[in-house]
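A.B. asks:
2 protein chains.
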Amino acid sequence: MKVFIGWRMAKAIGPDHKINLATSWQIVNDKALVNTIGWYCREFKDPMMVDPPAWFKSFCVCEILVQFPFFFVGAYAFFKGNCRWIRIPVLVYGTHVATTVIPIVSHILYHDFSTGQHPGPSTDKERYTLAAIYSPYFIIPMMMVLRMLFSSEFKRVTTMKGNKKTK
Amino acid sequence: MKVFIGWRMAKAIGPDHKINLATSWQIVNDKALVNTIGWYCREFKDPMMVDPPAWFKSFCVCEILVQFPFFFVGAYAFFKGNCRWIRIPVLVYGTHVATTVIPIVSHILYHDFSTGQHPGPSTDKERYTLAAIYSPYFIIPMMMVLRMLFSSEFKRVTTMKGNKKTK
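Here it is as structure tokens:
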């Protein structure tokens with residue numbers, strides 16, 4: 001979990017948002033960044049990153065407005081430890097992030113990219129490879145949700161007298 | 001909330017899933033239903049309902065696999081009343097449903113439908129009208145989430161002695 005939070009923090013304050021901004025709104029003009037995007041899009045045939053459709057852009061906005069601020073809250077709670085108040089925020093965050101990945105993976109696996117302006121995955125191998133790149137954003141948030149739901153570390157504690165306490 | 005749950009239940013067990021099934025997988029052959037879809041798509045220019053893209057289909061699958069079963073759980077809890085255990089499930093459900101509407105509304109407002117096979121919204125009025133049709137699926141789940149987060153009916157009760165109790 002800590003690795004994921006740290007990774008997402010690095011991603012949030014690092015090149016990822018710049019990539020989203022650069023590709024979606026063309027406001028970043030950085031040669032190395034443009035080269036990186038070009039390499040990624042050629043290598044993994046990800047047309048969403050070079051020419052994001054409107055529905056995909058909405059997730060970039062969510063990432064900046066919702067997920068980015070939460071990274072700091074989540075990172076603080078996870079690194080500090082013993083913060084049971086993080087349970088509900090992580091449940092909401094994890095459900096939100098996991099849900100955003102469902103249409104992306106569905107688009108990668110089933111959309112016909114042959115008519116698009118930019119190269120997209122066409123073979124099963126290409127589709128599965130690109131889906132695998134996005135899959136951690138579904139798997140890890142789901143793991144976080146399941147941990148918050150079922151881990152005794154974050155659930156209510158029932159005392160011997162039958163009173164239920166929360167920290 | 002009860003009205004929303006009831007409406008979604010009626011929607012789930014009523015024509016909506018049939019519409020999704022009919023349009024997405026062509027397995028329902030009901031003349032009245034096809035006419036209804038045709039009328040809706042002409043009247044409100046909703047190409048997603050007549051020819052859903054892959055990412056939109058994934059939400060139909062979510063609706064059948066996740067949201068449909070939850071309707072009964074939610075309906076039971078809300079109609080019975082005083083069920084504090086519904087808080088976490090509704091938080092997850094509400095966040096999930098609200099998140100699914102974000103890309104749909106973004107697609108409606110910003111996608112260029114002029115190149116599509118089916119008529120889509122082109123003017124601002126048409127886009128706002130279609131977005132308004134989908135907006136209750138964002139607004140009401142968000143209201144449910146906010147209620148679960150902040151309503152004293154579902155939150156922990158702090159006693160005079162400072163002990164935190166949950167029912």
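Taken in order, these protein sequences are the chains called A and B.
Heads up: the first sequence is residues 1 to 167, going by UniProt numbering.
Heads up: the second sequence is residues 1 to 167, going by UniProt numbering.
Cβ atoms here follow ideal geometry from the backbone N, Cα and C, with glycine treated the same way.
Could you check the C-alpha separation between A:Lys45 and B:Leu146 for me, to the nearest Å?
C.D. replies: One C-alpha to the other measures close to 40 Å.
A.B. asks: A:Tyr110 versus chain B: which residues are under 8 Å apart at the beta carbon?
C.D. replies: Contact note: A:Tyr110 reaches chain B through Ala54, Lys57, using a C-beta cutoff of 8 Å and chain order.
A.B. asks: At the level of alpha carbons, what is the spacing between A:Lys125 and A:Ala131?
C.D. replies: Separation of A:Lys125 and A:Ala131 (C-alpha to C-alpha, rounded to the nearest whole angstrom) is 10 Å.
A.B. asks: Applying the criterion that 16 or more other CB atoms from any shown protein chain within 10 Å of the CB defines a buried residue, is B:Ser114 buried or exposed?
C.D. replies: exposed
A.B. asks: For B:Leu109, which residues in the same chain have their Cβ closer than 7 Å to its Cβ, ignoring the five residues on either side in sequence?
C.D. replies: Arg127, Ala131
A.B. asks: Does B:Cys60 come within less than 8 Å of chain A when only Cβ atoms are used?
C.D. replies: no
A.B. asks: Kindly list, in the order they appear in chain B, the residues whose Cβ is closer than 7 Å to that of A:Pro103.
C.D. replies: The answer, in chain order, is Trp55, Ser58, Phe59, Pro103.
A.B. asks: What in chain A is Cβ-close to B:Thr100, meaning under 7 Å?
C.D. replies: Thr99
A.B. asks: B:Leu65 and residue 168 of chain A - do their beta-carbons sit closer together than 8 Å?
C.D. replies: With chain A covering only 1 through 167, there is no way to say anything about residue 168 of chain A.
A.B. asks: Any idea what DSSP makes of A:Ser24, helix, strand or coil?
C.D. replies: Confidence at A:Ser24 is low in this model, with a pLDDT of 49, below 50, so the placement of that residue should be treated as unreliable; the coordinate-derived value is given next. Three-state result, A:Ser24: helix.
A.B. asks: Alpha carbon to alpha carbon, what distance is there between B:Thr95 and A:Pro52?
C.D. replies: Computed Cα separation, rounded: 24 Å.
A.B. asks: Taking 8 Å as the cut-off, decide whether the C-beta atoms of B:Thr100 and A:Thr99 are in contact.
C.D. replies: yes
A.B. asks: Going by DSSP in three states, B:Phe154 sits in which element: helix, strand or coil?
C.D. replies: coil
A.B. asks: Counting only C-beta atoms, is residue 173 of chain A closer than 8 Å to chain B at any point?
C.D. replies: The displayed coordinates of chain A run from 1 to 167. Any statement about residue 173 of chain A would go beyond what the structure contains.
A.B. asks: Going by beta carbon distance, what residues of the same chain come within less than 8 Å of A:Arg42, once the five residues before and after it are set aside?
C.D. replies: Pro119
A.B. asks: Within this structure, are the beta carbons of A:His107 and B:Ala75 separated by less than 8 Å?
C.D. replies: Contact: no.
A.B. asks: Less than 8 Å between C-beta atoms, sequence neighbours within five positions excluded: which residues of the same chain meet that for A:Phe59?
C.D. replies: Thr100, Ile104
A.B. asks: Does the Cβ-Cβ distance between A:Val97 and A:Pro141 come in under 8 Å?
C.D. replies: yes
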